[in-house]
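Quick note: the sequence shown, position 21, residue 115 per this note's numbering, numbers continuous.
Glycine included, C-beta positions come from ideal geometry on N, C-alpha and C.
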Amino acid sequence: MNKKYFFQLIFLFLGVFFSAQEKKILFIGNSLTYYFDMPQMLEKMLNENNTVGYKVTQVTLPGIQLEHHVSQGTVKLKFDETDWDDVVLQHGTLGYYVPEEVSLNILPSIKALQSYDKSKKAKFYLFATWVSKEQYPFQMCYPKMIYTRNGDDLNQKYCSKKFQSLEEAKDYLENQYAAIAKETHLTFTKHSAMEYIFEKEHPDLNMWEDDMHPSKIGSYFNACIFFKLFSDKNLKEVKRNFDIKPEIASMIRNFVEDNYVKF
95 MNKKYFFQLI FLFLGVFFSA QEKKILFIGN SLTYYFDMPQ MLEKMLNENN
145 TVGYKVTQVT LPGIQLEHHV SQGTVKLKFD ETDWDDVVLQ HGTLGYYVPE
195 EVSLNILPSI KALQSYDKSK KAKFYLFATW VSKEQYPFQM CYPKMIYTRN
245 GDDLNQKYCS KKFQSLEEAK DYLENQYAAI AKETHLTFTK HSAMEYIFEK
295 EHPDLNMWED DMHPSKIGSY FNACIFFKLF SDKNLKEVKR NFDIKPEIAS
345 MIRNFVEDNY VKF
């Protein structure tokens, strides 16, 4: 066999092998996902000491919700281009409090996005974002007109129940995640439950950038939970801190590694 041809076959084989080993993850959401480049943090952590390559892609825009991802068509193009191993869906946290938002927007949008997976091999996950900081009592409302497109409904609203405490809102939120996951046959992540406990144990750490978004520390915390979701590797062996103080980054990795299976 011609030596040049032989080496071409070897490189072709290796290319096919490593391509087959690559795991492709797609994030669909908004700023709650992309703050401080969380998906890129995750990709670097996953690829730090792995033989399997991970490619993390995101379709995220500020303030956008799942129904907008459906109507804009960009996500469908991503599914037309390639098959995905894992798909993470993220909707604005406040929407889960309003039953009509769940039934009229969130559930239909999730089902539409799932239908794009023609391979039927992708695993879908619902990013269970943290319960947001609010002044209690708290109630969330949406104008009825955004659902009916009827000007006569401008002064009518769909509202959540009135929550008296953060704990009550958190329990309601996680019950919503569980109900949505059951209906759509996906898995909701452990972020909300784990962040709540971690923040109670470490109130001195600034997990929040503002009343809604995670700080860099909070984004790193989220990336660590996704690391455990997509990898069987030990988080304590990860070295990347992303300019977070090493002792804080290590504390986060240790907490997630030691407690992930408990949630």
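Assuming residue i contacts residue j (C-beta within less than 8 Å), just tell me the rounded distance between them.
i, j, result
"Phe-221", "Thr-281", "With a Cβ gap of about 11 Å, Phe-221 and Thr-281 do not count as contacting."
"Val-192", "Tyr-236", "6 Å"
"Ser-58", "Trp-302", "Past the boundaries of the shown model lies residue 58; the chain is included only from 95 to 357, so the question cannot be answered."
"Gln-208", "Pro-231", "In fact, because the Cβ distance is near 36 Å, the residues do not count as touching under 8 Å."
"Thr-151", "Leu-120", "5 Å"
"Asp-179", "Lys-118", "5 Å"
"Ile-342", "Cys-318", "No, Ile-342 and Cys-318 are not in contact; Cβ-Cβ is about 12 Å, not under 8 Å."
"His-285", "Asn-316", "6 Å"
Using the Cβ count rule (16 or more neighbours within 10 Å means buried), how would you classify residue i?
i, result
"Glu-161", "buried"
"Arg-243", "exposed"
"Glu-195", "buried"
"Ser-197", "exposed"
"Ala-272", "exposed"
"Lys-322", "buried"
"His-279", "exposed"
"Glu-289", "buried"
"Phe-320", "buried"
"Lys-356", "exposed"
"Gln-270", "buried"
"Gln-250", "exposed"
"Lys-339", "exposed"
"Gly-157", "exposed"
"Gln-115", "exposed"
"Leu-248", "exposed"
"Ser-213", "exposed"
"Gly-167", "exposed"
"Gly-415", "The shown model of the chain, from 95 to 357, leaves out residue 415, and the question about it has no answer."
"Gly-245", "exposed"
"Ile-291", "exposed"
"Phe-112", "Only weak support is given to the placement of Phe-112: the predicted model assigns it a pLDDT of 43, under 50, and the value that follows is read from those uncertain coordinates. Exposed, by the Cβ-count rule."
"Gln-159", "buried"
What are the partner residues of residue i, as DSSP defines its beta bridges?
i, result
"Thr-154", "Gly-123"
"Phe-232", "Phe-257"
"Asp-180", "Ile-119 and Lys-217"
"Trp-302", "Pro-308"
"Pro-237", "Lys-251"
"Lys-149", "Lys-118"
Of all the beta strand (DSSP E) runs that stay within the bounds of the region 244 to 285, which reach a length of 3 or more residues? 251 to 253
Can you confirm whether the region 325 to 338 touches the region 137 to 150 when touching is taken to mean that 3 or more C-beta pairs between the two stretches lie within less than 8 Å? yes
Three or more C-beta pairs closer than 8 Å, one from the region 124 to 138 and one from the region 167 to 176: is that the case here? no
Under 8 Å: do the region 183 to 190 and the region 198 to 207 share three or more Cβ pairs, one atom per stretch? yes
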